[in-house]
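Peer 1: Next up is a structure, given as structure tokens.
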Amino acid sequence: MAAKSRPNRGAVAAQSATGVAPTADEGTPADVAVDGATGSRRSEGPRVRPKNGLDRYFEISVRRSTVGREIRGGLTTFFTMAYIVVLNPIILSGADINGNSLPFPAVAAVTALVAGVMTILMGVVGRYPLALATGLGINAIVAVYAATELSWPEVMGLIVLEGLLITVLVLTGFRRAVFEAIPPQLKTAIAVGIGFFLTIIGLADAGIIRPGIPLISFGVGGELAGWPILVFVVGLLLTSVLVVRRVKGALLIGIITSTVLAIIVEAIADIGPRTGTDGSEVNAHGWALQVPKLPDSIVSAPDFSLIGKFSLFGGFDRIGVIAALLIVFSLMIADFFDTVGTVTAVGAEGGLLDESRNLPRSQPVLLVDSLAAAAGGAGSVSSNTTYIESAAGVADGARTGLASVATGVLFLVAMFFSPLVQIVPSEAAAPALVIVGALMITQIRHLVWDDMVLVIPAFLTIALMPFTYSITNGIGAGVVTYVLLSAVSGRVRRIHPLMWVIAAMFVVYFALNPLQQLF
Numbered sequence: 002m003a004a005k006s007r008p009n010r011g012a013v014a015a016q017s018a019t020g021v022a023p024t025a026d027e028g029t030p031a032d033v034a035v036d037g038a039t040g041s042r043r044s045e046g047p048r049v050r051p052k053n054g055l056d057r058y059f060e061i062s063v064r065r066s067t068v069g070r071e072i073r074g075g076l077t078t079f080f081t082m083a084y085i086v087v088l089n090p091i092i093l094s095g096a097d098i099n100g101n102s103l104p105f106p107a108v109a110a111v112t113a114l115v116a117g118v119m120t121i122l123m124g125v126v127g128r129y130p131l132a133l134a135t136g137l138g139i140n141a142i143v144a145v146y147a148a149t150e151l152s153w154p155e156v157m158g159l160i161v162l163e164g165l166l167i168t169v170l171v172l173t174g175f176r177r178a179v180f181e182a183i184p185p186q187l188k189t190a191i192a193v194g195i196g197f198f199l200t201i202i203g204l205a206d207a208g209i210i211r212p213g214i215p216l217i218s219f220g221v222g223g224e225l226a227g228w229p230i231l232v233f234v235v236g237l238l239l240t241s242v243l244v245v246r247r248v249k250g251a252l253l254i255g256i257i258t259s260t261v262l263a264i265i266v267e268a269i270a271d272i273g274p275r276t277g278t279d280g281s282e283v284n285a286h287g288w289a290l291q292v293p294k295l296p297d298s299i300v301s302a303p304d305f306s307l308i309g310k311f312s313l314f315g316g317f318d319r320i321g322v323i324a325a326l327l328i329v330f331s332l333m334i335a336d337f338f339d340t341v342g343t344v345t346a347v348g349a350e351g352g353l354l355d356e357s358r359n360l361p362r363s364q365p366v367l368l369v370d371s372l373a374a375a376a377g378g379a380g381s382v383s384s385n386t387t388y389i390e391s392a393a394g395v396a397d398g399a400r401t402g403l404a405s406v407a408t409g410v411l412f413l414v415a416m417f418f419s420p421l422v423q424i425v426p427s428e429a430a431a432p433a434l435v436i437v438g439a440l441m442i443t444q445i446r447h448l449v450w451d452d453m454v455l456v457i458p459a460f461l462t463i464a465l466m467p468f469t470y471s472i473t474n475g476i477g478a479g480v481v482t483y484v485l486l487s488a489v490s491g492r493v494r495r496i497h498p499l500m501w502v503i504a505a506m507f508v509v510y511f512a513l514n515p516l517q518q519l520f
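Each residue of the sequence shown is one higher than the one before, starting from 2 at the first, in my numbering.
Written as structure tokens, this is what we have:
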């Protein structure tokens with residue numbers, strides 16, 4: 002080794018989750034050092050020689066990883082986000098297309114198809130461990146429009162336009178410029194906020210927190226009651242022990258073990274689902290989403306009949322040009338900044354950011370993410386976006402696009418084996434999200450705490466993500482307050498010119514409802 006590398010947060014995360022500190026034998030590069038203050042990477046000394054073409058293309062050794070670790074990380078990411086193959090059809094089942102509800106099997110198959118193709122494309126082109134699937138945040142928006150103003154094909158047409166518009170912004174360099182214009186304080190706050198956001202998602206998926214009075218309640222009636230919650234608690238404790246003991250594949254082992262326990266519990270107790278077919282709660286002690294029981298059949302033929310069922314300009318004819326453009330704008334902002342937050346957070350977790358907290362060579366990543374939005378609309382399963390659950394695979398050791406290829410292949414396989422995908426309950430996957438949240442909030446030590454001009458925007462960014470269940474809302478609040486407080490405190494010169502544009506866009510975004518009523 003020509004030079005020594007200082008330990009970094011990404012390496013620590015990899016070691017804590019996988020149980021193995023990177024060594025020269027595993028491909029630790031002599032030329033990579035990590036800034037202890039920012040967790041970023043820099044070149045230092047001669048480069049290591051790639052072991053083969055695969056290693057050279059994905060930079061596996063350069064990023065302190067191995068093929069085995071990448072495959073394991075890809076598996077972890079898939080099992081953490083595989084719920085979307087079941088959840089997306091449930092959410093969209095009420096949507097109308099040609100007078101009929103969207104067919105559940107078709108939504109499940111196309112959801113898996115688009116996620117698989119775009120995740121593989123992200124791995125091969127973007128070469129980072131980022132997985133894509135239908136964005137639930139976008140789904141919440143489109144479901145409202147589909148139920149009130151537009152038909153499903155018309156909404157999907159606007160999704161395609163939104164994806165194509167963002168693609169143009171990527172090709173012109175604007176999206177990357179926006180990404181790099183956000184100050185390091187806010188980027189760090191985004192990573193921390195997403196850590197809390199993941200934790201809230203995990204706790205909600207497990208039923209530990211639920212809607213209640215005045216806001217949320219603890220478990221069932223203030224108690225940790227029910228077998229599904231027990232499965233989550235056992236999984237969380239087991240995964241925590243494995244992470245602390247530095248066991249390889251701790252998160253994946255936790256998910257698999259919890260799933261096996263859940264199958265046994267369901268076979269004995271016959272618990273059933275928490276909600277009925279109409280979405281109402283019928284059993285407070287039931288499983289949140291998938292009921293973990295062995296399926297009657299393993300293989301099912303995928304139904305691709307939804308592909309191409311969109312009307313590109315139908316929305317403009319129905320509600321007018323201005324109203325349709327406002328919808329496209331709202332979708333674009335949500336998609337645009339969800340990806341900024343996700344890429345920043347996952348990159349920080351893996352120690353992949355540079356000194357300015359930017360992801361090196363991010364242009365291909367942003368391009369694939371933009372095309373995924375249009376692909377989701379063209380497939381009639383809503384916009385696809387980069388998933389924050391990718392952080393689970395990164396925490397389990399993934400550092401390169403090879404992990405995404407593995408995740409994408411599993412999504413394609415899931416098209417034919419969707420009954421098996423439904424075995425994994427959210428209570429078994431939720432512990433991984435909580436542990437990843439714990440890993441990500443350690444970024445909080447990089448925040449500046451003695452300057453309120455920086456503290457307030459960072460705090461709002463962190464707080465609004467979990468409390469509003471939206472990455473975009475958190476980023477928007479942070480950006481607007483950062484620009485405002487910097488301006489009134491005489492720091493106008495410190496504000497990047499693009500930050501004014503971003504802040505103005507968010508002002509429009511937050512005022513979208515009155516603007517829609519006006520037009």
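For every residue, glycine included, the Cβ atom is placed at its ideal position computed from N, Cα and C.
#1: Tell me whether the stretch 457 to 474 and the stretch 322 to 329 touch, counting them as touching only if at least three CB pairs, one residue from each stretch, are closer than 8 Å.
#2: Since T387 is in the beta strand (DSSP E), which residue starts that stretch and which ends it?
#3: Decide if W153 is buried, meaning its Cβ has at least 16 other Cβ atoms within 10 Å, or exposed.
#4: According to DSSP, is S312 helix, strand or coil?
#5: Could you pull out every residue in the same chain whose Cβ sits closer than 7 Å to the Cβ of Y510, ignoring the five residues on either side in sequence?
#6: Could you tell me which of R64, L114 and S218 sits nearest to L411, measuring between CA atoms?
#7: Between the alpha carbons of R65 and P229, how many angstroms are there, rounded?
#8: Going by beta carbon distance, what residues of the same chain come within less than 6 Å of L296, once the five residues before and after it are set aside?
#9: Could you say if the stretch 150 to 166 and the stretch 373 to 381 meet the contact criterion of at least three C-beta pairs nearer than 8 Å?
#10: Alpha carbons only, please: which of V456, G315, T345 and E267 is nearest the one belonging to G287?
#11: Taking the C-alpha atoms as reference points, what is the distance between G203 and S391?
#12: At which residues does the alpha helix (DSSP H) containing P185 begin and terminate?
#13: Can you give me the C-alpha to C-alpha distance between L187 and D355, rounded to a whole angstrom?
#14: For the alpha helix (DSSP H) containing P154, name the first residue and the last one.
#15: State the DSSP-derived secondary structure class of F511, mapped to helix, strand or coil.
#16: Comparing the C-beta of Q423 with each C-beta of chain B, is any distance below 8 Å?
#17: For the beta strand (DSSP E) containing P212, name the first residue and the last one.
#18: Under the assumption that I496 contacts S487 (Cβ atoms under 8 Å), give the Cβ distance between them as a whole number of angstroms.
#19: Just the Cα atoms here: how many angstroms apart are G315 and E163?
#20: Return the CA-CA distance between L131 and K249, expressed in angstroms with no decimal places.
#21: What residue from G74, P106 and R73 has the CA that sits closest to N89's CA?
#22: Whole alpha helix (DSSP H) runs in the stretch 350 to 397 with 4 or more residues, listed along the chain?
#23: On a CA-only basis, which of A116, E150 and V125 is nearest T135? Give me that one, please.
#24: Near L1, what residues of its chain come up, given a Cβ to Cβ distance below 7 Å and the 5 sequence neighbours on each side ignored?
#25: Given 7 Å as the limit, tell me if I121 has its C-beta closer than that to any heavy atom belonging to the ligand MG.
#26: Am I right that I264 and P293 are in contact with their C-beta atoms under 8 Å? What's the rounded C-beta distance?
#27: So, with DSSP's three-state summary, where would you put A38?
#28: Once DSSP output is grouped into helix, strand and coil, what is the label at G401?
#29: Measure the C-alpha to C-alpha separation of L455 and W501 and round it to an integer number of angstroms.
#30: Pick out whichever of S471, A505 and T469 has its Cα sitting closest to the Cα of V484.
#31: Nearest-angstrom Cα distance between A83 and V493?
#32: Where do the ends of the alpha helix (DSSP H) carrying G259 lie?
#33: Among R70, S298, M123 and P185, which has the Cα closest to the Cα of L448?
#34: What three-state label does DSSP hand V221 in the structure shown?
#35: Identify the residues that DSSP records as bridge partners of T345: which are they?
#36: By Cβ distance, which residues of its chain are closer than 6 Å to V87, with the 5 residues on each side in sequence left out?
Peer 2: A quick look at the data gives this:
#1: no
#2: N385 to T387
#3: buried
#4: coil
#5: S331, I334 and G477
#6: L114
#7: 37 Å
#8: A small correction: the amino acid at residue 296 is Pro; Leu does not occupy that position in the sequence shown. Closer than 6 Å at Cβ, skipping near neighbours: P420.
#9: yes
#10: E267
#11: 14 Å
#12: P185 to A207
#13: 15 Å
#14: W153 to L172
#15: helix
#16: Checking the listed chains, one finds no chain B in this structure; it contains a single protein chain.
#17: I210 to P212
#18: 5 Å
#19: 14 Å
#20: 21 Å
#21: P106
#22: 364 to 379 and 391 to 396
#23: A116
#24: An answer regarding residue 1 cannot be provided, because it is not within the stretch 2 to 520 covered by the chain.
#25: Although the ligand MG was asked about, the structure shown includes no ligands whatsoever.
#26: 5 Å
#27: Per-residue confidence for A38 stands at a pLDDT of 36, beneath the threshold of 50, marking its modelled position as unreliable; the derived number appears in the next sentence. A38: coil per DSSP, three-state reduction.
#28: According to the sequence provided, residue 401 is Thr. The question's Gly does not apply to it. Coil.
#29: 16 Å
#30: A505
#31: 45 Å
#32: In the sequence on display, residue 259 carries Ser and not Gly. Unbroken alpha helix (DSSP H) run through S259: A251 to A270.
#33: P185
#34: strand
#35: None; T345 has no bridge partner.
#36: Q291 and Q423
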